[in-house]
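A.B. asks: Numbering-wise (our numbering), the sequence shown opens with residue 1 and increments by one.
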Amino acid sequence: MPSDFFAIDGRVMPAADATISVLDLGFLRGIGAFETLRTYAGYPHGVAEHLRRLWTAATVFGVEPFFTAADLRRVIGEIRTHSGHDELRVNLVVTPGEHTHGVFGAERPTWVAIAREVHAPPDAWYADGVAAVTFQGARLLPELKTTSYLSGRPGLLAAERAGAHEAFYVDAAGCVREGVTSNVLLLRDGGVTTPAGACLRGLTKDGLRPLAEAAGLRWREASITVADLLAADEVWITSAVRELLPIVRLDGQPIAGSVVGPWARRLRPLYHQLCIDEAKRDALAAG
Numbered sequence: 001m002p003s004d005f006f007a008i009d010g011r012v013m014p015a016a017d018a019t020i021s022v023l024d025l026g027f028l029r030g031i032g033a034f035e036t037l038r039t040y041a042g043y044p045h046g047v048a049e050h051l052r053r054l055w056t057a058a059t060v061f062g063v064e065p066f067f068t069a070a071d072l073r074r075v076i077g078e079i080r081t082h083s084g085h086d087e088l089r090v091n092l093v094v095t096p097g098e099h100t101h102g103v104f105g106a107e108r109p110t111w112v113a114i115a116r117e118v119h120a121p122p123d124a125w126y127a128d129g130v131a132a133v134t135f136q137g138a139r140l141l142p143e144l145k146t147t148s149y150l151s152g153r154p155g156l157l158a159a160e161r162a163g164a165h166e167a168f169y170v171d172a173a174g175c176v177r178e179g180v181t182s183n184v185l186l187l188r189d190g191g192v193t194t195p196a197g198a199c200l201r202g203l204t205k206d207g208l209r210p211l212a213e214a215a216g217l218r219w220r221e222a223s224i225t226v227a228d229l230l231a232a233d234e235v236w237i238t239s240a241v242r243e244l245l246p247i248v249r250l251d252g253q254p255i256a257g258s259v260v261g262p263w264a265r266r267l268r269p270l271y272h273q274l275c276i277d278e279a280k281r282d283a284l285a286a287g
C-alpha cells in the first residue's frame, strides 16, 4: 500500500521518522518560507519558479540558497519511488535552522519536503463552483510566501462557519487583495482583472495569463472591491493544486447567478494540460 515519505535536509525517510529539533527557529520564532508544488505525470511542475520565490522570501530572514533544483528533483523522485503515490503535493519549507545564540541566531538552515498524494478537488467544485467570504485584514509581508498564516486565521474560521471554501483579505481602503491560500481574479466584459498593490505573486496566475490572452481576454491589474466581485461575470481563485477554481457565491450573495461561467470551464483544462507539458519538458531538460 502507498505510504507517506518526507525529506529532512535532503534525506528521505518514512513520515513517522521525519522530525526537526524543538530549537529550530521555525518552531521557536515562527520564521520560515514555504512553497507548494505538485507533480504532473510524475514530474514536478514549476521547480525553477517555486525556488526563485522561495529564496526571495528566505533571504529576508538571512538564508541564502543552499540547495539546488537538482537536489529538489532528486528528493521528489525518491519520495515518489518509496511512497508508491502516482502524483505528489509537495510542501517545501525552509527555516534558519536550530537556534544557537541571541534571539535569531542559527548556524545551519533547515529544509523540509512534506510530500503527500495529490488529492485534487472534487469535480463538483469545478462544475458547480464554491463559495468565499471576505474579512478585514492583511497578511504579514504580503509579497513574500512565509509560514506566518496567523493573520488569515480569522478569515478561514469565518469561511468554515459559513460553509465556504476560501476567505479574501479586504484592506482598510476596502480593496480585495488576495485569498488566504490563493490569488483572486475577476472576469467582466471580456477582461480579466487581478488586484493591484501588495499581494503575493501567483505562479498559477502567471501561468494562466498567456492562455487567457491567447484566447482573446484582456488582462490588467487594478483595485478590486467586494462590489466589483459581486458584479463580475466570473470570479476565480488560483493555486498550485486547485489550478483555476470558480467562485460563485461571496458573503452569501450570488455571483452571476451562482453559475460557473464558460471561461472557467474553458481555461482550466487548458492550464492543466499546459502544466503536464511544462513538467515533462522541464524534466527532460534537467536530465
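For each residue, glycine too, the CB sits at the ideal point set by N, CA and C.
Over the uninterrupted alpha helix (DSSP H) stretch that includes Gly207, give me the two end residues.
C.D. replies: 203–214
A.B. asks: Using three-state DSSP, classify Glu160 as helix, strand or coil.
C.D. replies: helix
A.B. asks: When you compare only the Cα positions, how much space is there between Thr147 and Gly30?
C.D. replies: 7 Å
A.B. asks: Which of helix, strand or coil does DSSP assign to Leu250?
C.D. replies: strand
A.B. asks: Output the distance between the C-alpha atoms of Glu243 and Leu270, rounded to the nearest integer angstrom.
C.D. replies: Rounded to the nearest angstrom, the gap between the Cα atoms of Glu243 and Leu270 is 11 Å.
A.B. asks: Could you give the C-beta distance for Thr290 and Gly179, rounded to a whole number, given that I count them as a contact under 8 Å?
C.D. replies: Summary: the structure shown does not reach residue 290, with the chain confined to residues 1 through 287, and so no result is reported for it.
A.B. asks: Can you tell me the Cα-Cα spacing of Gly10 and Val60, whole angstroms?
C.D. replies: Rounded to whole angstroms, Gly10 to Val60 spans 23 Å at the Cα level.
A.B. asks: Any Cβ of chain B within less than 9 Å of the Cβ of Glu234?
C.D. replies: Protein chains in the displayed structure number just one, and chain B is not present.
A.B. asks: Given Ala164, which residues of its chain have a CB within under 6 Å of its CB, disregarding the five upstream and five downstream residues?
C.D. replies: Short of 6 Å from the beta carbon of Ala164, and not among the five residues preceding or following it, lie these beta carbons of its own chain, in chain order: Ala131, Ala132, Val133.
A.B. asks: Is the beta carbon of Ile247 less than 9 Å from the beta carbon of Val235?
C.D. replies: yes
A.B. asks: With the cut-off set at 9 Å, would you say Leu267 and Ala232 are in Cβ contact?
C.D. replies: Taking 9 Å as the Cβ cut-off, Leu267 and Ala232 do not qualify as a contacting pair.
A.B. asks: Thinking just about the alpha-carbon of each residue, which of Ala115, Leu203, Gly46 is nearest to the one in Ala69?
C.D. replies: Gly46
A.B. asks: Counting along the chain, where does the beta strand (DSSP E) carrying Glu221 start and finish?
C.D. replies: For Glu221, the enclosing beta strand (DSSP E) stretches over residues 218–222.
A.B. asks: Taking the straight line between their C-alpha atoms, what separation do you get for Ala106 and His50?
C.D. replies: 24 Å
A.B. asks: Between Arg108, Ala48, Ala127, which lies nearest to Gly62 when the distance is taken from Cα to Cα?
C.D. replies: Arg108
A.B. asks: Taking only three categories from DSSP, how would you classify Thr68?
C.D. replies: coil
A.B. asks: Evaluate the contact criterion for the segment 145–161 versus the segment 176–191: three or more CB pairs, one atom per stretch, below 8 Å.
C.D. replies: yes
A.B. asks: For Ala113, which of Ala162, Ala18, Asp123, Arg52 has the nearest alpha-carbon?
C.D. replies: Ala18
A.B. asks: So, is Gly287 buried or exposed, given that buried needs 16 or more other C-beta atoms within 10 angstroms?
C.D. replies: exposed
A.B. asks: Taking only three categories from DSSP, how would you classify Asp24?
C.D. replies: strand
A.B. asks: Taking contact to mean 3 or more Cβ pairs, one atom from each stretch, closer than 8 Å, check whether the segment 84–94 and the segment 32–43 are in contact.
C.D. replies: Look at the beta carbons and you see the segment 84–94 touching the segment 32–43: at least three pairs across the two are nearer than 8 Å.
A.B. asks: State the beta-bridge partners of Ile76 as determined by DSSP.
C.D. replies: Ile76 pairs with nothing; no bridge assigned.
A.B. asks: By how many angstroms is the C-alpha of Ala256 removed from the C-alpha of Arg220?
C.D. replies: 21 Å
A.B. asks: If you draw a straight line from the alpha carbon of Pro142 to that of Cys199, how long is it in whole angstroms?
C.D. replies: Approximately 5 Å, taken between the alpha carbons.
A.B. asks: Are the CB atoms of Ile237 and Leu274 within a distance shorter than 9 Å?
C.D. replies: no
A.B. asks: Excluding the five sequence neighbours on either side, which residues of its own chain have a C-beta within less than 6 Å of the C-beta of Ala7, listed in chain order?
C.D. replies: Val75, Ala113
A.B. asks: Do Ser239 and Gly202 count as a contact pair if the criterion is CB distance below 9 Å?
C.D. replies: yes
A.B. asks: Whose CA, out of Leu23, Ser21, Arg52, lies closest to the CA of Glu35?
C.D. replies: Nearest Cα to Glu35 within the set Leu23, Ser21, Arg52: Arg52.
A.B. asks: Excluding sequence positions up to five away, which residues of its chain have a Cβ less than 8 Å from the Cβ of Gly174?
C.D. replies: Thr225, Val226
A.B. asks: To which residues of the same chain is Glu117 closer than 6 Å at the C-beta, ignoring the five residues directly before and after it?
C.D. replies: For Glu117, where only same-chain residues beyond five positions count, the Cβ hits under 6 Å are His85.
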